[in-house]
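Basically my numbering = 1-based index in the sequence shown + 6. To start, the structure itself, in structure tokens.
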Amino acid sequence: VEASIPEPQREAWKRNQITSFTDKDGFEKEVVRHVETTLARSMFNCDEIAAYSATSLAFRDRLITHWNRTQQRQTYRDTKRVYYLSLEFLMGRALDNAMLNVGLKNVAQDGLAELGFRIEDVVKQEHDAALGNGGLGRLAACFLDSLATLNFPAWGYGLRYRYGIFKQEIIDGYQVEVPDYWLDFNPWEFPRHDVTVDIQFFGQVNKKTVGGKTISVWEAGEIVQAVAYDVPIPGYDTPTTNNLRLWSSKASGGEFDFQKFNSGDYESSVADQQRAETISAVLYPNDNLERGKELRLKQQYFWVAASLYDIVRRFKKSRRSWNEFPDQVAIQLNDTHPTLAIVELQRILVDIEGLEWDNAWEIVTSTFGYTNHTVLPEALEKWPVGLVQHLLPRHLQIIYDINLFFLQSVEKAFPDDRDMLRRVSIIEESQPKMVRMAFLAIVGSHKVNGVAELHSDLIKTTIFKDFVEIYGPDKFTNVTNGITPRRWLHQANPRLSELIASKCGGNDFLKDLTLLNQLEKHVEDKQFRKEWAEIKYANKVRLAKHIKDTTGVVVNPASLFDVQVKRIHEYKRQQLNIFGVIHRYLSLKAMTPDQRKKQLPRVSIFGGKAAPGYWMAKQIIHLINSVGAVVNKDEDIGDLLKVIFLEDYNVSKAEMICPASDISEHISTAGTEASGTSNMKFVLNGGLIIGTCDGANIEITREIGESNIFLFGNLSEDVEDLRHAHTYGSHTIDSDLDKVFNEIEKGTFGTPHDFSAMIAAVRQHGDYYLVSDDFHSYIETHQLVDEAYRNQDEWIAKCITSVSRMGFFTSDRCINEYAEEIWNVEPLAVDRHSIWGP
Ligand code: Z57
């Protein structure tokens, strides 16, 4: 049905075009209107939640007009678009970000004040959109912000989970998982009940001959409906408002099957509905771990098939030839989770659109790019062939054909290397046979990238080595990760952002982060250093209050705040940190009161979620809390050491924590953390870091200078030999670490048995993560941190210098690199004044 208004009637639309508020009075009017009409409440019945809702609706209205115009403009210009496929988007809160990006936070602040509310309290009513686990999901969110800010025509595609990452409670020192009820009220999404796609599962493949040509027809065994929900993504200081489309699953053909219902088969009717809704029900809570569950594969195909249908539908409107598809469409695969998109596009082109295999494959490989985010073997996705066969019978055939043609070409190029075929095959000939998703992603893409220099080198020399031989080095590239300075500086740390603006000629640095380099000439400015230090102190006071409110522990904001917040994982080595804390505690206990007086007070702050099934990670949380319980009430120690575990670490908590850190810990075993991005957030907020030579730490060091970072530990190139030596040589444990273990085993921190597995991992099971090897260097480096912190003036200078050199780590730089090297897309210039015209 043609839904476009005919030309003669368009005049009336133009006459009545919506004008958004621009000042306080206009904003207040909108808030009152939403309170009284949309929410059906009044000034006698308006709490902070109502104020939040009405404020959000006012900004949402504004965004949606920009969003519409952005889409019209992109459609009219018909240039190449980017599609970012990610199973995770860790967005955090939307309101504060929307107010800042459209430049009307001050207006809202004044308006809300007149209406009787403090903006900070209103903003805090919002529940985080936590549709992700950690770094990978947050990277996707930062990329959306940069894509919009830089005016790229780009869409994100993801799943609309009913439940995002679980809420973490700490009960008796243990993690307890509670469901995340984030959708109760969400003004930031627009259901598009008219945008639906039927998704097939199961069934069989039949061959049919049509006009002398044999085609494969997939007869589905089950159909589930995908419904689109759109989330507007505002750019900073630009009218561009891009779209994040999230798919929700629903039983196809209405609420439930009335045929079955009326014939008395209520149960199976309800069961069908529930089975359909289960697909988008919950985010898998694993970070850097794949567990091969059927429902996860269903999620992946559901989301990928709906997204591709949508992309293809949009392409077809332009009536171009299929060969132009890669000129109009770039699809980026965020990790291997969307790899089935490669197979699905090949299926659409060959089975449905009738293209020849080779022609279709050329289009497919020119369209996709694949980003790898890890080298950890337990995180590399593999699916049992039998499961794929059962769920997606036609896709398995296509995967076999892709593999056949690929292996034929490899055999031709490497005729003498039989083992090569076994090594690079997309099908692993194991029991059971497995589909190696990373290999499929490489074969089906034109570019493969890692997320930091070391990581990109590692994938080329280890897990993907053979593919570099096959395709040559140019298929592999690096795009070092970045973060959006809008959220991670301007929004999280408004006072620091303002101070920086006063030295960098205004807010332009938020769009060109290299302008931070202007700070360097003010490093010697005493007044500037003083204001800088005051802001850090105020941020620490705010965090100290949060610690008091949530844990009851009083910490002194004058202490050195030492922070490690990230997912709990053995490779990230929170255990190294807490063993170091115990070592510090024992040293303090061994001192005379006079010696203690000379020590620097420290607060060790931890935060992060453990995957619910990751037993060892949960033990680490328990040890941290057990150490805290002893240390925090030890009167010999007082303020000299406090150990805090912050419950339910998430994006909005990170926005409070990052600005309050003096030193943060990025201490993964060398070669295991692909990039890390919180390292960037902490330095950008004027904190120093202690870290290993791993991931982006290496490039941060190169940018800010070796004297501004505390590096320690073994290097990535030595890890393999050390591990080998642990297993096959004699393995002696660091003597200081041994004392820590003995203290734990004495029962100082509770039942020793609770922690025996953590100790055994080091003493008996080969210390895979090199905790003992790095312990001495770690302790020594923390002593250097203490010494450096004593000279506050020098410390502040290091912080300012570091911030001034962080320009490289903006996600704007990443997006420009992807656009240039991988996507071949350009921004769409926007005319701020044109409203209807493109
Ligand atoms: C995840 O958060 C990351 C990698 C994965 O393979 C999965 Br699954 C989840 C992280 C890396 O661990 C970080 O080092 C990296 O900074 C982040 O992805 C973004 O690239």
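Where a beta carbon is used, it is the ideal one built from N, C-alpha and C, also for glycine.
Take V636, set aside five residues on each side of it, and the residues of its chain with a beta-carbon closer than 6 Å to its own are F755, in chain order. DSSP places K388 within a strand segment (E or B) once states are collapsed to three. Its Cα nearest to that of V288, the residue L93 stands out among D700, L93, N583. Sequence-distant Cβ neighbours of H730 in its own chain, meaning closer than 7 Å and more than five residues away, do not exist here. Within its own chain, the residues whose Cβ lies closer than 7 Å to the Cβ of D84, once the five positions on either side in sequence are excluded, are S324, listed in chain order. Between H672 and I695, the gap from beta carbon to beta carbon is short of 8 Å. Secondary structure note for I695: its beta strand (DSSP E) is the uninterrupted segment 694–697.
In this structure, the beta-carbon distance from D127 to K30 does not fall below 8 Å. When DSSP reads this structure, F207 sits in a beta bridge with E228.
In chain order, N720, L728 place their CB closer than 6 Å to the CB of D779, counting only its own chain and leaving out the 5 sequence neighbours on each side. For F688, there is no enclosing beta strand (DSSP E); the enclosing alpha helix (DSSP H) has its first and last residue at 684–690.
Beta-carbon to beta-carbon, T698 and F716 are separated by about 10 Å, too far to satisfy the 8 Å threshold.
If you ignore the 5 residues before and after I506, its C-beta comes within less than 8 Å of the C-beta of L495, F515, L522, L525, V809, all in its own chain and listed in chain order.
Pairing L69 with H40 gives a Cβ-Cβ distance that is not under 8 Å. One alpha carbon belongs to R198, the other to F149, and they sit about 24 Å apart.
In the three-state reduction of the DSSP assignment, V636 falls in the helix class, which pools H, G and I. Between the alpha carbons of T284 and W188 lies a distance of about 17 Å. A straight-line Cα-Cα distance of about 8 Å links V836 and N157. Taken through DSSP and simplified to helix, strand or coil, V88 comes out as strand. Remark: C-beta atoms of A257 and Q279 approach each other more closely than 8 Å. DSSP places V416 within a helical segment (H, G or I) once states are collapsed to three. Counting C-beta atoms within 10 angstroms of its own C-beta, L301 has fewer than 16 neighbours from the protein chains shown and is therefore classed as exposed.
Going down the chain, each residue whose beta-carbon is closer than 6 Å to a heavy atom of the ligand Z57 shows up: N139, G140, G141, L142, L145, D293, N294, D341, H379, T380, A385, V457, N487, E679, A680, S681, G682, T683, G701.
DSSP links Q570 through a beta bridge to F612.
Taking the Cβ atoms as the reference, V485 lies roughly 5 Å from E823, within the contact range of under 8 Å. Taking 8 Å as the cut-off, the Cβ atoms of N830 and A336 count as close.
The region 765–820 contains, as complete alpha helix (DSSP H) runs of 4+ residues, the segments 777–796, 798–810 (chain order). If you look at S741, you'll find it in the alpha helix (DSSP H) that goes 741–752. Out of R442, K509, F196, the CA that lies nearest to the CA of D531 is found in K509. Non-local C-beta neighbours of L118 in its own chain, meaning closer than 8 Å and more than five positions away in sequence, comprise V37, A57, T61, R124, I125, V128, ordered along the chain. Where V38 is concerned, the enclosing alpha helix (DSSP H) starts and stops at 30–39. Rounded to the nearest angstrom, the Cβ distance from V657 to G98 is 3 Å, consistent with a contact under 8 Å.
Inclusion of V561 and K659 in the CB contact set at 8 Å is not warranted, their separation being larger than that value. Relative to P159, the option among G241, H133, I171 whose CA is nearest is G241. For the region 452–481, the full-length alpha helix (DSSP H) segments reaching 4 residues or more read 459–467, 471–477 along the chain.
The beta-bridge partner set that DSSP reports for V113 is empty.
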